[in-house]
Amino acid sequence: MDISGSVALVTGAPGGIGRAFVSELLKRGAAKVYIAARDAASLSDLMAGGDERLVPLTLDVTDLAQVEAAVAAAPDVTFLINNAGFAAFEGAISAPDLSSARREMDVNYFGALALTRAFSPILAASGGGAVLNMLSMVSLVSLPMAATYSASKAAGLSLTRSIRAELSAQGTLVVGVLAAQTETPMGARLPEPRLTPEEVVSDSLDAIQADQNDEVVAGALSRGAYAAFTADPKAFQAKMSARLPQR
Ligand SMILES: NC(=O)c1ccc[n+]([C@@H]2O[C@H](COP(=O)([O-])OP(=O)(O)OC[C@H]3O[C@@H](n4cnc5c(N)ncnc54)[C@H](OP(=O)(O)O)[C@@H]3O)[C@@H](O)[C@H]2O)c1
Numbered sequence: 477m478d479i480s481g482s483v484a485l486v487t488g489a490p491g492g493i494g495r496a497f498v499s500e501l502l503k504r505g506a507a508k509v510y511i512a513a514r515d516a517a518s519l520s521d522l523m524a525g526g527d528e529r530l531v532p533l534t535l536d537v538t539d540l541a542q543v544e545a546a547v548a549a550a551p552d553v554t555f556l557i558n559n560a561g562f563a564a565f566e567g568a569i570s571a572p573d574l575s576s577a578r579r580e581m582d583v584n585y586f587g588a589l590a591l592t593r594a595f596s597p598i599l600a601a602s603g604g605g606a607v608l609n610m611l612s613m614v615s616l617v618s619l620p621m622a623a624t625y626s627a628s629k630a631a632g633l634s635l636t637r638s639i640r641a642e643l644s645a646q647g648t649l650v651v652g653v654l655a656a657q658t659e660t661p662m663g664a665r666l667p668e669p670r671l672t673p674e675e676v677v678s679d680s681l682d683a684i685q686a687d688q689n690d691e692v693v694a695g696a697l698s699r700g701a702y703a704a705f706t707a708d709p710k711a712f713q714a715k716m717s718a719r720l721p722q723r
């Protein structure tokens with residue numbers, strides 16, 4: 477899909493990877509970019525750049541009324557980027573209760589599901605369009621120090637594959653991004669070295685432009701991790717299993 481001339485919607489736009497998406501979409505000639513955030517005030521510095529193609533939206537992806545309002549406010553979207561995410565970095569057993577696990581599933585899994593369901597008729601009307609889901613290397617392997625986040629991202633990968641199959645009839649491209657630790661507020665909790673948000677976004681948007689209706693492994697660090705995973709999935713899981721919760 478051509479990014480030039482597209483109308484994109486980025487959830488979690490003020491976050492580390494969200495900002496990089498916004499900036500690269502503008503560089504690649506998007507006609508309009510809806511920048512969505514739970515708190516519209518967090519978009520002020522993005523808006524301060526004065527690019528008239530940016531349209532702010534208040535959107536908590538876990539709030540179905542706000543999702544419906546976003547559809548009404550952005551009826552011309554051709555490219556949906558499900559980027560919003562939350563990670564509590566807690567163990568499955570050592571977490572004090574289930575609240576973070578539920579929030580991770582709500583944001584990372586149900587949020588992407590709700591947005592994609594809501595926008596799929598709009599994408600169909602535009603001739604197909606594209607959906608990009610920000611997944612993770614922990615969609616493939618479990619990281620005990622972020623146990624319930626890993627589970628939500630594994631659910632996200634499964635969902636992405638089903639959505640791809642279901643939306644193929646309407647010609648919607650569905651790309652899932654597998655990325656390793658990235659230099660953002662979320663990624664700061666993960667070990668170095670880290671990817672830059674820009675390299676994750678560049679490889680992700682290249683996949684969209686190349687109509688790669690599949691998962692994309694974004695960034696050199698991710699490709700190294702993915703090669704190790706595919707060479708020996710059990711050994712790779714054993715290495716990740718050594719990273720236990722801190723508490
Ligand atoms: N950083 C990494 O190492 C890494 C690696 C692979 C994949 N990813 C994925 O990449 C995506 C972006 O992460 P990031 O690293 O850029 O993290 P980040 O800097 O923490 O940004 C996450 C963004 O998501 C927003 N968000 C959280 N809950 C939301 C909700 N209910 N509704 C709407 N927005 C919500 C946050 O807004 P608030 O500030 O309002 O909470 C924030 O703007 C996530 O899906 C993440 O899982 C990250």
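Just so you know, we're using the numbering used here here: the sequence shown kicks off at 477 and counts up by one. Every residue, glycine too, gets a C-beta built ideally from N, C-alpha and C. From a predicted model like this one, the values you see are computed outputs, not experimental measurements.
For ligand 1, is there any heavy atom lying closer than 8 Å to the beta carbon of residue i?
i	result
Ala-549	no
Thr-648	no
Ser-612	yes
Thr-636	no
Asp-679	no
Ala-520	According to the sequence provided, residue 520 is Ser. The question's Ala does not apply to it. Not under cutoff, so the answer is no.
Arg-730	Residue 730 lies beyond the stretch modelled for the chain, which goes from 477 to 723, so this question has no answer here.
Lys-710	no
Ile-493	yes
Met-716	no
Asp-690	no
Lys-503	no
Gly-587	yes
Arg-578	no
Met-662	yes
Arg-670	yes
Pro-673	yes
Leu-666	yes
Leu-643	no
Phe-562	yes
Leu-535	yes
Val-653	yes
Asp-478	no
Gly-488	yes
Along the chain, where does the beta strand (DSSP E) that runs through residue i open and close?
i	result
Ala-512	508-513
Val-543	Looking at the DSSP string, Val-543 is not in any beta strand (DSSP E); the run it does join, the alpha helix (DSSP H), is 540-549.
Ala-606	606-610
Ala-731	Nothing about residue 731 can be read from this structure; the chain reaches only from 477 to 723.
Glu-691	691-693
Leu-654	649-654
Along the alpha helix (DSSP H) that carries residue i, what are the first and last residues, could you check?
i	result
Val-498	492-503
Ile-598	588-601
Phe-712	709-717
Ile-684	673-685
Glu-566	Element bounds for Glu-566: n/a, residue is neither H nor E.
Glu-642	623-643
Leu-530	Note, Leu-530: premise wrong, no alpha helix (DSSP H); beta strand (DSSP E) at 530-534.
Leu-519	Careful: Leu-519 lies outside any alpha helix (DSSP H) and carries neither H nor E.
Note down, in chain order, each residue of its chain lying with its Cβ closer than 7 Å to the Cβ of residue i, except the 5 sequence neighbours on either side.
i	result
Gly-494	Val-486, Gly-488 and Asn-559
Arg-719	Leu-619, Pro-620 and Met-621
Tyr-585	Ser-628, Ala-631, Gly-632 and Leu-635
Ala-563	Glu-580, Ala-622, Tyr-625 and Met-662
Asp-536	Arg-514 and Gln-542
Phe-595	Val-547, Val-553 and Leu-556
Ser-576	Ala-564, Glu-566 and Thr-624
Under 6 Å Cβ to Cβ from residue i, same chain only, skipping five residues before and after it: list those, please.
i	result
Ala-701	Met-613 and Ala-656
Ala-507	Gly-481 and Val-483
Ala-694	Val-653, Ala-655, Val-676, Asp-679 and Ser-680
Arg-640	Val-650
Could you pull out every residue in the same chain whose Cβ sits closer than 8 Å to the Cβ of residue i, ignoring the five residues on either side in sequence?
i	result
Ser-717	Ser-618 and Pro-620
Pro-551	Ile-598
Leu-611	Lys-629, Gly-632, Leu-633, Thr-636, Gly-652, Val-653, Leu-654, Ala-655 and Glu-691
### Query
Counting pairs of Cβ atoms below 8 Å between the segment 659-669 and the segment 585-601, do you hit three or more?
no
### Query
Three or more beta-carbon pairs under 8 Å between the segment 553-570 and the segment 594-608, yes or no?
yes
### Inter-stretch contact at 8 Å, needing at least 3 Cβ pairs: the segment 511-530 / the segment 678-687
no
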